[in-house]
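S.K.: Count the sequence shown with this note's numbering and you get residues 17 to 116, in order. For glycine and all other residues, C-beta sits at the position ideal for the given N, C-alpha and C. In this text the structure is predicted, and so the values were computed from the model without any measurement.
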Amino acid sequence: MTGLRSTLVTAVAAALFALPAAAGTAAADDGDDAPVMEPGCAKLYDYGYGWADIYNACGHTISASVEVDGWDPDCIQIAPYSIGTIGLEPGDEPYYAYEC
17 MTGLRSTLVT
27 AVAAALFALP
37 AAAGTAAADD
47 GDDAPVMEPG
57 CAKLYDYGYG
67 WADIYNACGH
77 TISASVEVDG
87 WDPDCIQIAP
97 YSIGTIGLEP
107 GDEPYYAYEC
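#1: List the endpoints of the continuous beta strand (DSSP E) containing residue 69.
#2: Here's the rule: buried if 16 or more other CB atoms are within 10 angstroms of the residue's CB, otherwise exposed. What is residue 98?
#3: Kindly provide the ranges of any alpha helix (DSSP H) runs that are 4 or more residues long and lie completely inside the region 61 to 115, ordered along the chain.
#4: Could you pull out every residue in the same chain whose Cβ sits closer than 8 Å to the Cβ of residue 88, ignoring the five residues on either side in sequence?
#5: Cα-Cα, which of 76, 66, 64 and 67 is closest to residue 58?
#6: Would you decide whether residue 108 is buried or exposed? Buried here means 16 or more other CB atoms lie within 10 Å of its CB.
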């Protein structure tokens, strides 16, 4: 019984020490192709001169807007798993989307 317990403790300890190393390796890969994971349902999908697309990643309707310098645009409603387009002032560049 003591040998089995020692083997089990050794295996658990090895697994616990391996987890942080694997997580650190994954976090260290911060390439430009990695998507930005924003909290909540509203995700900035795309934008251009005078507009921004917001993706609703949840299964219910949301109200959302985007963060820009100055005044943020009014919130819009976006259906579940859909994209809504919001108007921006000329020169505004959105940083991220958020739920209102």
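M.R.: Looking at the coordinates:
#1: Counting along the chain, the unbroken beta strand (DSSP E) around residue 69 starts and ends at 67 to 72.
#2: exposed
#3: none
#4: 81 and 82
#5: 76
#6: Answer is buried; the Cβ neighbour count reaches 16.
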